[in-house]
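Participant: First, the structure itself, so that you have it in front of you.
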Amino acid sequence: MYKLMTPGPTQVQENVRMARARECTNPDLDEEFVEFYKETCGQASRLLHTSNETLILGGEGILGLEAACASLTEPGDKVLVLDNGIFGKGFADFVSIYGGEPELYTVDGKNPIDPKALEEFLKGRHGYKYATLVHCDTPSGILNDIHALCPLLKQYGILTVVDAVSSMFGEKVDVDEAQIDILCGGSQKAVSAPPGLAFVTISEDAKKVMAARKTPIASFYANLKIFDGYYEAKWFPYTMPISDIYGLQKAFCNIEEDDKMLLRHAKLGESCRQALIDAGLTLYLEQGFSNTVTVFDVPKETTAEAILEMMKKEHNIMLAGSFGSLAGQVIRIGHMGANANFADMAETMDALGQTLEKLGVPLNCSLKERFCELAKMQPSGL
67 MYKLMTPGPT
77 QVQENVRMAR
87 ARECTNPDLD
97 EEFVEFYKET
107 CGQASRLLHT
117 SNETLILGGE
127 GILGLEAACA
137 SLTEPGDKVL
147 VLDNGIFGKG
157 FADFVSIYGG
167 EPELYTVDGK
177 NPIDPKALEE
187 FLKGRHGYKY
197 ATLVHCDTPS
207 GILNDIHALC
217 PLLKQYGILT
227 VVDAVSSMFG
237 EKVDVDEAQI
247 DILCGGSQKA
257 VSAPPGLAFV
267 TISEDAKKVM
277 AARKTPIASF
287 YANLKIFDGY
297 YEAKWFPYTM
307 PISDIYGLQK
317 AFCNIEEDDK
327 MLLRHAKLGE
337 SCRQALIDAG
347 LTLYLEQGFS
357 NTVTVFDVPK
367 ETTAEAILEM
377 MKKEHNIMLA
387 GSFGSLAGQV
397 IRIGHMGANA
407 NFADMAETMD
417 ALGQTLEKLG
427 VPLNCSLKER
437 FCELAKMQPS
447 GL
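Take the position in the sequence shown, starting the count at 1, then add 66; the result is the number in this note's numbering.
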């Protein structure tokens, strides 16, 4: 087995794996599981600082993104798609699939979306039913300030759909402070559970809009309204993946018990970026760095494929390349969730340094030594 240091899926802690091995009941008939599901949904809402309802969906994180768009979009709806990354732009496809009219607000993909520039844009444009944006766009590692952007959009009466799959629990995500209408998360990133679950928080404003639809939602599975009344009826719209949810609940418990999680992500993320810079490598982004993933340009002396293969074959560590326009251009180090620990990051930086030097890439310093200098763990346990 490779040591996963990818930006999702991430390493899974042993207590999460064991939770998934619990004896299964029938989730369609056992009312105790309905209570467990509802409690786990409430646990997610608490962790995300909101009283909004959370629903756990039986599908990988992208299901949440599509379900949000499917549930809000009616034919002809104007939707603003904030685009400074591959997943940001990708929301337009979901809007179009369900008959909406996406309008892209496209900015430089190496910098975060500027709230002041967006405000100038919005002053002359109205009539958007909702806007979509990505907190951390994982292919590039760009981090957008949802706590500034979403309240701005709400000032103009625009609902907000936020993809925080790759950011939540590695970066601050406060749903109520940010006034997010539908927040989408997934199990396999900083949550550090296996892939297979999405979860969404839904505001009362979003529920009112869905209830007032003039046309039916053009999906069954990607339809948030099919959960209406599930708890009162003690009946799920489809059979829930019970073992996955047992594991997710334990992962949420791990997060609740880790009061230094955000601080540790910040320390390790900053140290990783600076060590790469000091060694003479080039970060892909100019600013707006996420503390969950670091992305650097492939040096001219080698290729992404060569780096990734040598890391696996000689060091048993899996990093990630990227895709779309970034395919073959960058390498991604995932330091999110269970990956975000000093020992694994030090081992990864050591292996990466050895790999690059073996591939003929000159380095100004030892990646491991510089990282360790920067990320010295304090007595507090960071």
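A virtual CB, placed ideally from N, CA and C, is assigned to each residue, including glycine. Treat the numbers as computed from the prediction; the structure is a model and nothing was measured.
In this structure, how does DSSP classify K442 when only helix, strand and coil are distinguished?
Facilitator: coil
Participant: Return the chain-ordered list of same chain residues with a C-beta closer than 7 Å to the C-beta of P181, the five sequence neighbours on each side being excluded.
Facilitator: Here the set comprises D211, A214, L215, L218.
Participant: Output yes or no for whether 7 Å exceeds the beta carbon distance between P168 and A158.
Facilitator: yes
Participant: What is the C-beta distance between Q353 and N150, in whole angstroms, given that I count them as a contact (C-beta under 8 Å)?
Facilitator: No, Q353 and N150 are not in contact; Cβ-Cβ is about 12 Å, not under 8 Å.
Participant: Could you tell me the distance, in whole angstroms, from the CA atom of F102 to the CA atom of T369?
Facilitator: 48 Å
Participant: Residues in its own chain within less than 8 Å of Q444 by CB, not counting five upstream and five downstream?
Facilitator: The pLDDT assigned to Q444 is 46, lower than 50, so where the model puts this residue is not dependable; a value taken from the coordinates is nonetheless given after this. For Q444, same chain residues with a beta-carbon under 8 Å away, outside a window of 5 residues either side, do not exist.
Participant: Spell out the partners DSSP gives K69 in its beta bridges.
Facilitator: I383
Participant: Looking at the strands, I want to know which residues DSSP matches up with G251.
Facilitator: Bridge partners of G251 according to DSSP: F265.
Participant: Output needed for G447: all residues of its chain with C-beta closer than 7 Å, excluding positions within five of it in sequence on either side, in chain order.
Facilitator: Since pLDDT at G447 reaches only 46, below the 50 mark, its modelled position is unreliable, and the value read off the structure follows with that caveat. Counting only Cβ-Cβ distances below 7 Å, and skipping sequence neighbours, we find K326.
Participant: Report the partner residues of G400 according to the DSSP bridge assignment.
Facilitator: V359
Participant: On the criterion of 16 or more Cβ atoms from any shown chain inside 10 Å, does A134 qualify as buried, or is it exposed?
Facilitator: It counts as buried.
Participant: Taking its Cβ as the centre, do 16 or more other Cβ atoms sit within 10 Å of L389, making it buried, or is it exposed?
Facilitator: Rather than Leu, the amino acid found at residue 389 in this sequence is Phe. Exposed.
Participant: How close, in whole Å, do the beta carbons of I179 and L148 come, if the pair is a contact with beta carbons under 8 Å?
Facilitator: 6 Å
Participant: Expressed to the nearest angstrom, what Euclidean distance is found between the alpha-carbon atoms of L113 and T267?
Facilitator: 11 Å
Participant: Which class does M234 belong to by DSSP, given the choice of helix, strand or coil?
Facilitator: strand
Participant: Using a Cβ-Cβ cutoff of less than 8 Å, which residues in the same chain neighbour L351 once the five nearest sequence positions on both sides are dropped?
Facilitator: Taken in chain order, the residues that qualify are K176, N177, S206, G207, I208, V361.
Participant: When you compare each of E243, E126, V231 to G154 by their alpha carbons, which one comes out closest?
Facilitator: Nearest option by C-alpha distance: V231.
Participant: Whole beta strand (DSSP E) runs in the region 299 to 382 with 3 or more residues, listed along the chain?
Facilitator: 359 to 363
Participant: Whole angstroms is fine: what's the gap from N92's alpha carbon to A417's?
Facilitator: 46 Å
Participant: Can you look up C107 in the DSSP assignment and give me helix, strand or coil?
Facilitator: helix
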